[in-house]
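For the sequence shown, numbering that gives the first Met the number 0 begins at 0 and goes up steadily by one.
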Amino acid sequence: MEIELSPDLKSDRKANEAADIVRRCVHCGFCTATCPTYQLLGDERDGPRGRIYLIKQMLEGESVTLETQQHLDRCLTCRNCETTCPSGVEYGRLVDIGREFIEKKVRRPMGQRLARGLLREGLTSPLFGPAVRLGSRLKSFLPDLLASKLPMGERPRRAWPSNSHARKVILLNGCVQPSLLPNIDLATAWVLNALEVQAVVVQTSGCCGAVRHHLADPDGALNQARRNIDAWWPLLQSGGFEAVLVNASGCAVMVKDYGHLLADDPAYCEKAAYVAERALDPVVFLQPMLPRLQDILGQNPARPAAPNVSYHAPCTQQHGMKCRGEVEAFLTQLNVKVLPVADSHLCCGSAGTYSVLQPALAKTLRDNKIQALFCRGPRSYSVCQCGLHWASSVGQPSYRSALA
Ligand code: SF4
Ligand code: SF4
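Quick look at the structure:
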C-alpha cells in the first residue's frame, strides 16, 4: 500500500515505523476473512485491511472522526490477522501506533473518557485487590456489568512452595490475575517445584503496562515496564534465574515487547531487550522437562484419570507469543485427550478491557466460543485465563472450577 506521510509527521519515528508497516500490505484481504469483528459486522472498516487504510489516511493528514476511532476501538488486538497475513504485516504494532495518534486528534465523549480513565487507574492500582474483595461482598448492589466481572470468592488453595532450588524463575506479579484467579500462578509454582525449579514473585513488580498501553497512556505503560525491569534486574544478574514466566498471555506479549517499546531509552534499552528475551509462556519453559513430568505423574498411584479437555488458546498466546498448538501438544503428551475445537483461532472477546468497553461484541464472541468449547458435554473443560470473562459473565461455577 502506498503512503505519503503528512509534512508534520515526516520526521516522527513512530509515524515512519507505521508507514513501513503499511507499505508491506498488498491489499490481498486474506486477513479480512479471518477477522472476528469483520465476521460479526461485515464492514470492511471493521476488518484489518480497512483499519490499515484508516490509519494510512490519518498519517497522510486526512481528517479523522469519532467514527474512525470507533473502528479502531472495535479491534480486539487479537492479532489473528498477523498469523494469516502472507506479507508479514505487523498489524498489532500498527494499530497501537494508530490508536496513539488518533487519541491526540479526536476528543472522546465524557462517558468514554470516564470509563477508560477508571479502567486505566483502577485495574493498575494497588487498591485493586482490596476493592475486588469488598466488591465481591457487595456484589448484589453493583451494576450487572461490574458485578459480572467479580470473582466468586476464589481463595488461594494452598501456601506458596517454600523449597529452595538451584534453578529459579521469576513469575510476573501482575495487576488483575492475582486478585481474580490467584490459583493459576500458585499451580504453576507447585508444578515447577515438583521439577525442582523455584518460582519467585518479586513484590515490587506489578502490572506489565498492557492496560495503560492499550488505553492510550504510553508513558504510563513505559514507566510500569521500567518499574518491572528494575524489580527483576538484580535477580536476573545474580545468575540463577533463567526466565521470566508469565501465565496471562496478554501480559506475556507486553513483556516480550519491552525491548521494542524501550528501544529509544538509553538507560533501559539493553536491560529491556534482555528481559524481553527471557519472557516465556510457561509451556515453552516446561517443554524440555516433559519426560521428568511424565515420570512424576506416572509414579503417582493416586493420580486421577486424565480428563478430556477442550482448550481455548488465548489470542495473545497463539498469535502474539506464537505458541500456537503448544499447550495442546504438551497436554496430549501427558495423556490428556485434547478435543478439537471449532474456530480455535478466533478470539473469545475478553481481550483485556475490551469486554467492558465493547460489551455487545464481546458477548457474542464469548457465546460463540463457549458453544464451540462445551458442545462436547460436561467432561470437556476449558483451561485458560480468558475463562474469567466467560465464567463470570455467564455465572457458571463449573467453568470456573476447571480454571485452576
Ligand atoms: S487484531 Fe483481531 S480484531 Fe483486530 S483487525 Fe486483526 S483479526 Fe481483526
Ligand atoms: S493479509 Fe496482510 S497483506 Fe493482505 S490485506 Fe491483510 S494485512 Fe494486507
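Where a beta carbon is used, it is the ideal one built from N, C-alpha and C, also for glycine.
From a predicted model like this one, the values you see are computed outputs, not experimental measurements.
Between V21 and S163, what straight-line distance do the alpha-carbon atoms span, to the nearest angstrom? In the sequence shown, residue 21 corresponds to position 22, counting from 1. In the sequence shown, residue 163 corresponds to position 164, counting from 1. So the alpha carbons of these two residues sit roughly 50 Å apart.
Rounded to the nearest angstrom, how far is the Cβ of L338 from that of S309, given a contact under 8 Å? As a first step, residue 338 must be located in the sequence shown, where it is residue number 339. As a first step, residue 309 must be located in the sequence shown, where it is residue number 310. Confirmed, Cβ separation roughly 5 Å.
Could you tell me if the beta carbon of T83 falls within a distance shorter than 7 Å of some heavy atom in ligand 2? Taking the first residue of the sequence shown as position 1, residue 83 is located at position 84. At least one heavy atom of ligand 2 is nearer than 7 Å to the Cβ of T83, so yes.
Using the Cβ count rule (16 or more neighbours within 10 Å means buried), how would you classify S400? As a first step, residue 400 is located in the sequence shown; it is residue number 401 there, counting from the start. Any reading at S400 needs caution, since the residue's pLDDT is 45, under 50, leaving its predicted position unreliable; the model's value is listed next. With fewer than 16 Cβ atoms within 10 Å of its Cβ, S400 is classed as exposed.
So, under 8 Å CB-CB, G249 and T315 are touching, yes? Tell me the CB distance rounded to an integer number of Å. Taking the sequence shown and counting its residues from 1, one reaches residue 249 at position 250. Taking the sequence shown and counting its residues from 1, one reaches residue 315 at position 316. So it is a contact: roughly 5 Å between Cβ atoms.
Tell me whether the region 95 to 105 and the region 46 to 63 touch, counting them as touching only if at least three CB pairs, one residue from each stretch, are closer than 8 Å. yes
Looking at the structure shown, is N299 part of a helix, part of a strand, or coil, going by DSSP? Counted from its first residue, the sequence shown places residue 299 at position 300. Coil, per DSSP.
Determine the closest residue to V168 out of Q197, P160, C174, N192, with distance taken between C-alpha atoms. Walking along the sequence shown from the start, residue 168 turns up at place 169. Taking only the C-alpha atoms, the option nearest V168 is Q197.
In the DSSP output, which residue or residues are listed as bridge partners for Q197? For the purposes of this step, residue 197 is identified with residue 198 of the sequence shown, where counting begins at 1. Its beta-bridge partners are K167.
Between the alpha carbons of A301 and P281, how many angstroms are there, rounded? Position 302 of the sequence shown, counted from the first residue, corresponds to residue 301. Position 282 of the sequence shown, counted from the first residue, corresponds to residue 281. Approximately 25 Å between the Cα atoms of the pair.
Quick one: what's got a C-beta closer than 7 Å to R73's C-beta in the same chain, skipping five residues either side? Numbered from 1 along the sequence shown, position 74 holds the residue referred to as residue 73. If we look at R73 and ignore the five residues flanking it on each side, its Cβ neighbours are T36, D45, Q357, L360.
What I want to know is whether the C-beta of R404 ends up closer than 7 Å to one or more non-hydrogen atoms of ligand 1. No answer is possible for residue 404: the residues shown for the chain start at 0 and end at 403.
G134 and L126 - do their beta-carbons sit closer together than 8 Å? Stepping through the sequence shown from its first residue, residue 126 is reached at position 127. Stepping through the sequence shown from its first residue, residue 134 is reached at position 135. Cβ atoms of L126 and G134: not closer than 8 Å.
Rounded to whole angstroms, what is the Cα-Cα separation between C322 and L260? To locate residue 322, count along the sequence shown from 1; it is residue 323. To locate residue 260, count along the sequence shown from 1; it is residue 261. In a straight line, the C-alpha of C322 is about 21 Å away from that of L260.
Determine the DSSP secondary structure at N246, reduced to helix, strand or coil. By one-based count along the sequence shown, residue 246 stands at place 247. Of the three classes helix, strand and coil, the one that applies to N246 here is coil, per DSSP.
Straight-line gap, C24 to P85 (C-alpha atoms, nearest Å): One-based indexing of the sequence shown puts residue 24 at position 25. One-based indexing of the sequence shown puts residue 85 at position 86. When rounded, the distance between both Cα atoms is 9 Å.
According to DSSP, which residues form a beta bridge with N307? For the purposes of this step, residue 307 is taken as the residue at position 308 of the sequence shown. Beta-bridge pairing links N307 to K336.
Is Y90 near ligand 1, with its Cβ less than 7 Å from a heavy atom? Along the sequence shown, read from residue 1 onward, the residue named residue 90 stands at position 91. Yes, Cβ of Y90 sits closer than 7 Å to a heavy atom of ligand 1.
Between the alpha carbons of L194 and V88, how many angstroms are there, rounded? Here residue 194 refers to the residue found at position 195 of the sequence shown. Here residue 88 refers to the residue found at position 89 of the sequence shown. Their Cα atoms are separated by approximately 39 Å.
Short of 7 Å in beta carbon distance, which residues of its chain neighbour V105, apart from the five on each side in sequence? Order them along the chain. Position 106 of the sequence shown, counted from the first residue, corresponds to residue 105. Hits under 7 Å: V63, T64, L65, Q68.
For D342, is the classification buried or exposed, using 16 other Cβ atoms within 10 angstroms of its Cβ as the cut-off for buried? Indexing the sequence shown from 1 puts residue 342 at position 343. Counting Cβ neighbours within 10 Å, D342 comes out exposed, since fewer than 16 surround it.
Return the CA-CA distance between N222 and I101, expressed in angstroms with no decimal places. Within the sequence shown, the letter at position 223 stands for residue 222. Within the sequence shown, the letter at position 102 stands for residue 101. If you take the alpha carbons of N222 and I101, they lie about 22 Å apart.
Please determine, among V199, R12, Q111, G41, the residue with the shortest C-alpha to C-alpha distance to L161. The residue given as residue 161 occupies position 162 in the sequence shown. It should be pointed out that residue 161 corresponds to Ser in this sequence rather than to Leu. The residue with the shortest Cα to Cα distance from S161 is V199.
Can you check the region 178 to 245 for any beta strand (DSSP E) of at least 3 residues that lies completely inside it and give the ranges in chain order? 196 to 200, 240 to 244
Per DSSP, the bridge partner or partners of L93: For this step, residue 93 is matched to residue 94 along the sequence shown. L93 pairs with nothing; no bridge assigned.
6 Å CB neighbourhood of R375 in its chain, flanking five on each side removed: The residue labelled residue 375 in the question sits at position 376 within the sequence shown. Excluding residues within five positions, the ones whose Cβ falls inside 6 Å are L338.
Beta-ladder partner(s) of A278, from DSSP: The residue given as residue 278 occupies position 279 in the sequence shown. Looking at the DSSP assignment, A278 forms a beta bridge with V243.
Top-ranked residue by Cα proximity to R226, from K362, V245, S204, R211: On the sequence shown, residue 226 is found 227 positions in, with the first residue counted as 1. Measuring from the Cα of R226, the nearest candidate turns out to be S204.
Could you check if L244 is buried or exposed, using at least 16 other CB atoms within 10 Å of its CB as the buried criterion? If you number the sequence shown from 1, residue 244 lands on position 245. Its Cβ being crowded by 16 or more others within 10 Å, L244 is buried.
Distance, Q176 Cα to G219 Cα: Here residue 219 corresponds to residue number 220 of the sequence shown, with the count starting at 1. Here residue 176 corresponds to residue number 177 of the sequence shown, with the count starting at 1. If I take the Cα positions, the gap works out to 20 Å.
Kindly confirm or deny that the region 276 to 295 and the region 318 to 333 touch, where touching means at least three C-beta pairs closer than 8 Å. yes
Close Cβ partners of L4 (< 6 Å) along its chain, the five nearest in sequence each way excluded: On the sequence shown, position 5 is the one that residue 4 refers to. Same-chain partners within the cutoff: A14, A18, L58.
Hey, would you say the C-beta of H344 is under 7 Å away from at least one heavy atom of ligand 2? Numbered from its first residue, the sequence shown carries residue 344 at position 345. H344 Cβ: outside cutoff for every heavy atom of ligand 2.
Heavy atom of ligand 1 less than 7 Å from the Cβ of C347, yes or no? Within the sequence shown, numbered from 1, the residue matching residue 347 stands at position 348. Checking every heavy atom of ligand 1 against the Cβ of C347, none is found closer than 7 Å.
CA-CA distance, G208 and Q293? On the sequence shown, residue 208 is found 209 positions in, with the first residue counted as 1. On the sequence shown, residue 293 is found 294 positions in, with the first residue counted as 1. Each residue's Cα considered, the two are about 36 Å apart.
Is it true that the CB of Y257 sits closer than 8 Å to the CB of A275? Residue numbering aside, residue 275 sits at position 276 when the sequence shown is read from its first letter. Residue numbering aside, residue 257 sits at position 258 when the sequence shown is read from its first letter. Closer than 8 Å, so yes.
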